[in-house]
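Position 10 (the sequence shown) corresponds to 9 in numbering that gives the first Met the number 0; numbering is contiguous.
Scroll down for the structure; my scribbles are underneath it.
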Amino acid sequence: MKGREKLCAKLSSAFLRKWWFVVAISILFILLGIIVAIFFMTWVKLVINHQIILKNGTQAFGWWAKPPVTPRISIYIYNVTNADEFLNNGSKPIVDEIGPYIYTESWERKNIRFNDNNTVTYNLQKIYMFDEELSVGSEDDVVVVPNIPMLSATSQSKHAARFLRLAMASIMDILKIKPFVEVSVGQLLWGYEDPLLKLAKDVVPKEQKLPYEEFGLMYNKNGTSKDNVTVFTGASDITRFGLIDTFNGETHLPHWLNEQCNSLSASDGSIFPPSITHNSTLYIYDKDLCRRLPLKFQKEVTREDRVPSYRFAPSPDVFASVAENPDNMCFCPHGPPCSPSGFFNVSLCQFDSPVLLSFPHFYLANDSYRTALDGISPPDPEKHKFYLDVQPMMGTALSARARVQINLAVSQVVDIKQVATFPDIVFPILWFEEAVDGLPEEITNLMRLANEVPPVAHASMTGILLALGIILLIIAVWRLVRGANRLSSLHLASGHVGPTQTKDLPMSNVDRH
Ligand SMILES: *[C@@H]1O[C@H](CO)[C@@H](O)[C@H](O)[C@H]1NC(C)=O
Ligand SMILES: *[C@@H]1O[C@H](CO)[C@@H](O)[C@H](O)[C@H]1NC(C)=O
Ligand SMILES: *[C@@H]1O[C@H](CO)[C@@H](O)[C@H](O)[C@H]1NC(C)=O
Ligand SMILES: *[C@@H]1O[C@H](CO)[C@@H](O)[C@H](O)[C@H]1NC(C)=O
Ligand SMILES: *[C@@H]1O[C@H](CO)[C@@H](O)[C@H](O)[C@H]1NC(C)=O
Ligand SMILES: *[C@@H]1O[C@H](CO)[C@@H](O)[C@H](O)[C@H]1NC(C)=O
Ligand SMILES: *[C@@H]1O[C@H](CO)[C@@H](O)[C@H](O)[C@H]1NC(C)=O
Ligand SMILES: *[C@@H]1O[C@H](CO)[C@@H](O)[C@H](O)[C@H]1NC(C)=O
Ligand SMILES: *[C@@H]1O[C@H](CO)[C@@H](O)[C@H](O)[C@H]1NC(C)=O
Numbered sequence: 000m001k002g003r004e005k006l007c008a009k010l011s012s013a014f015l016r017k018w019w020f021v022v023a024i025s026i027l028f029i030l031l032g033i034i035v036a037i038f039f040m041t042w043v044k045l046v047i048n049h050q051i052i053l054k055n056g057t058q059a060f061g062w063w064a065k066p067p068v069t070p071r072i073s074i075y076i077y078n079v080t081n082a083d084e085f086l087n088n089g090s091k092p093i094v095d096e097i098g099p100y101i102y103t104e105s106w107e108r109k110n111i112r113f114n115d116n117n118t119v120t121y122n123l124q125k126i127y128m129f130d131e132e133l134s135v136g137s138e139d140d141v142v143v144v145p146n147i148p149m150l151s152a153t154s155q156s157k158h159a160a161r162f163l164r165l166a167m168a169s170i171m172d173i174l175k176i177k178p179f180v181e182v183s184v185g186q187l188l189w190g191y192e193d194p195l196l197k198l199a200k201d202v203v204p205k206e207q208k209l210p211y212e213e214f215g216l217m218y219n220k221n222g223t224s225k226d227n228v229t230v231f232t233g234a235s236d237i238t239r240f241g242l243i244d245t246f247n248g249e250t251h252l253p254h255w256l257n258e259q260c261n262s263l264s265a266s267d268g269s270i271f272p273p274s275i276t277h278n279s280t281l282y283i284y285d286k287d288l289c290r291r292l293p294l295k296f297q298k299e300v301t302r303e304d305r306v307p308s309y310r311f312a313p314s315p316d317v318f319a320s321v322a323e324n325p326d327n328m329c330f331c332p333h334g335p336p337c338s339p340s341g342f343f344n345v346s347l348c349q350f351d352s353p354v355l356l357s358f359p360h361f362y363l364a365n366d367s368y369r370t371a372l373d374g375i376s377p378p379d380p381e382k383h384k385f386y387l388d389v390q391p392m393m394g395t396a397l398s399a400r401a402r403v404q405i406n407l408a409v410s411q412v413v414d415i416k417q418v419a420t421f422p423d424i425v426f427p428i429l430w431f432e433e434a435v436d437g438l439p440e441e442i443t444n445l446m447r448l449a450n451e452v453p454p455v456a457h458a459s460m461t462g463i464l465l466a467l468g469i470i471l472l473i474i475a476v477w478r479l480v481r482g483a484n485r486l487s488s489l490h491l492a493s494g495h496v497g498p499t500q501t502k503d504l505p506m507s508n509v510d511r512h
């Protein structure tokens, strides 16, 4: 028993104490390794989140204020080639898809003002420049398209008193308004004087809609928008980073039936709350879309610039009929009937014009709408699908294809002789693709770095710490065990010559030392 005590005393001698210290260090390394393994990515997230928030003076803020991208909008117009036969002989309308007419855009957020509540307000400026090189055709090309102001007025008058319709017919007679107009591409997009709008402006009381006397599908869109958009900077709540707080002071749209459908809690399409997963739903809001559009994860894509990203797209039932997707009931405030599958009725955002949005070539709509006209090829998801690629860690949009078709839902009104032969039809006018392609190398390099370095750093730091800890532990334990053995034999040796244990041990053993 006494020998044991001595042994213990010897174990904690200076020589061995060193190795106990090494054991402690190695355990510390192992613990650190485990902590790094568990928390490293969380720290990276925190650092990234801190970097991206919108704060005056940061690089991210500069990129947000003046996006270093050159978006392009490509417009394809359905030129009607048999307008007379269609009206007079009841033939199927024939359209010729012409274009693309391409405009390059430059975006800038103007009048940026920071609010006290971690939000920032701006007015978006979009400047469009016609790109003759890329376009097929010129802005002066003449096209024949349905007369949208007129057909809107006649379709709306369907439920009005009969005398009103008759009055309308004679006014249109006097003004020589016809169901199809022949205008240049530039006019169709950027505005031409419309006699009906001019009349309406003079006649209709001021507060009743129609603020313009010109009609154009992109009328007033070239320049700085008057809409005040307030978005969250992410400083207080990163999960709302880049989401709209208010749009012209409103947090919700007035048009739809429930809170969810009226919500404006959506991105403008450039930045999203970071840490996007396969389960995330991204929402984007555009004023002309009249609602926020939910986007779901499709697949992981590795792009040319080697920034791994997630592709998000509207789910196929986003514009489904109420029968297929009961959630869409909220978008049908005056129904039933509600808009058919594949269409979204934006009439409430378009001065009550019967405008239906769809995807190009009636993608995701019943084929009967496409075949009601001649000249539209079957939809091809590659060319006609709407999608957006985001960098999931930072929530930055890398590229996008916003593809939308504008259609006019014409109702037949027999009392108005000009349009008496214009049947009920969903008439496509044009479709466009707004494309953003990749960010400058400066940014993608940073993103690649942010994407590639943390996992490597994570793995190597964890690996090194654990390996170091384990190796040190093994060495220390080995030394301790060996030291203990040697000590015990040393001790035994010294014990033999000592007075207490002389008789216990055979002399021969000791003599060899
Ligand atoms: C559009 O169609 C009309 C005939 O309906 C034709 O005169 C015109 O040249 C066409 N425009 C283009 C750009 O092809
Ligand atoms: C309309 O149809 C009639 C007979 O079906 C034909 O004679 C006439 O040429 C057609 N008109 C046009 C503009 O095609
Ligand atoms: C950002 O800071 C600069 C200089 O400090 C200042 O001139 C500018 O007005 C600020 N911008 C905003 C949007 O507050
Ligand atoms: C933040 O401030 C802006 C401007 O004062 C205001 O429009 C917005 O409603 C506020 N948002 C919140 C969440 O308080
Ligand atoms: C848009 O406005 C800019 C100047 O503000 C002008 O140079 C450009 O031609 C306009 N684009 C179109 C399509 O009208
Ligand atoms: C936008 O804000 C400015 C200044 O705060 C205000 O004068 C203007 O009326 C607002 N515009 C809209 C469309 O609400
Ligand atoms: C995504 O959702 C699925 C099913 O709802 C669930 O099993 C999975 O754990 C979720 N993944 C993440 C990353 O949240
Ligand atoms: C579109 O919505 C308006 C207003 O809610 C409604 O009057 C119209 O009938 C709808 N059109 C279609 C084609 O559903
Ligand atoms: C398309 O519409 C036609 C006629 O309206 C209908 O018979 C057909 O079942 C519809 N097809 C699909 C796939 O819904």
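Just so it is clear, CB atoms sit at the ideal spot from N, CA and C, and this is done for glycine as well.
A quick note: this is a predicted structure, and the numbers were derived from the prediction, not measured.
Three or more Cβ pairs drawn from the region 28–36 and the region 453–469 lie within less than 8 Å of each other, which places the two stretches in contact. Lys-384 is classed as buried because its beta carbon has at least 16 other beta carbons within 10 Å across all chains shown. Here DSSP, grouped into helix, strand and coil, assigns Ala-408 to strand. Each residue's CA atom was taken as its position, placing Phe-240 and Val-321 some 32 Å apart. With respect to the 9 Å criterion, Pro-422 and Gln-411 are classified as neighbours on the basis of their beta carbons. Note on geometry: alpha-carbon atoms of Leu-188 and Asp-139 lie some 11 Å from one another.
Under the DSSP assignment, Phe-311 falls in the beta strand (DSSP E) whose first and last residues are 307–313.
With the rule of 3 Cβ pairs closer than 8 Å, the region 264–283 counts as touching the region 388–402. Counting along the chain, Thr-153 sits inside the alpha helix (DSSP H) bounded by residues 147–155. Cα atoms of Gln-297 and Met-392: separation of roughly 17 Å, rounded to the nearest angstrom.
For Asn-78, the beta-bridge partners assigned by DSSP are Asp-95. Taking all protein chains in view, the Cβ of Thr-280 is surrounded by fewer than 16 other Cβ atoms within 10 Å, so the residue is classified as exposed. Rounded to whole angstroms, the Cβ separation of Thr-443 and Asp-304 is 4 Å, and the two are in contact under 8 Å. The count of Cβ pairs closer than 8 Å, one atom from the region 133–148 and one from the region 168–184, reaches three, so the stretches are in contact. Straight across, the Cα-Cα distance linking Thr-370 with Glu-96 is about 14 Å.
Straight through space, the alpha carbons of Ser-264 and Tyr-309 are spaced by roughly 21 Å. In this structure, the C-beta of Lys-65 stays at least 8 Å away from each heavy atom of ligand 6. If you draw a straight line from the Cα of Pro-359 to the Cα of Cys-331, it comes to about 22 Å.
In the assembly as shown, Thr-229 is a buried residue. Its beta-carbon has 16 or more other beta-carbons within 10 Å.
As computed with DSSP, Gln-124 is found in a beta bridge with Glu-107, Thr-223. A direct Cα-to-Cα measurement between Glu-258 and Asn-221 gives close to 32 Å.
Taking a contact as a CB-CB distance under 8 Å, the pair Ile-111 and Gly-233 does not count as one, their CB atoms being some 15 Å apart. If you look at Ala-59, you'll find it in the alpha helix (DSSP H) that goes 58–64. Annotated three-state conformation of Arg-302 is coil, per DSSP. Ligand 5 has no heavy atom closer than 8 Å to the beta-carbon of Gly-215. Near ligand 9, meaning a Cβ closer than 5 Å to any of its heavy atoms, lie the following residues in chain order: Asn-365, Ser-367. Under the three-pair Cβ rule at 8 Å, the region 429–449 counts as touching the region 71–84. Of the residues assessed, Val-413 falls on the exposed side of the cut-off, its CB having fewer than 16 other CB atoms within 10 angstroms.
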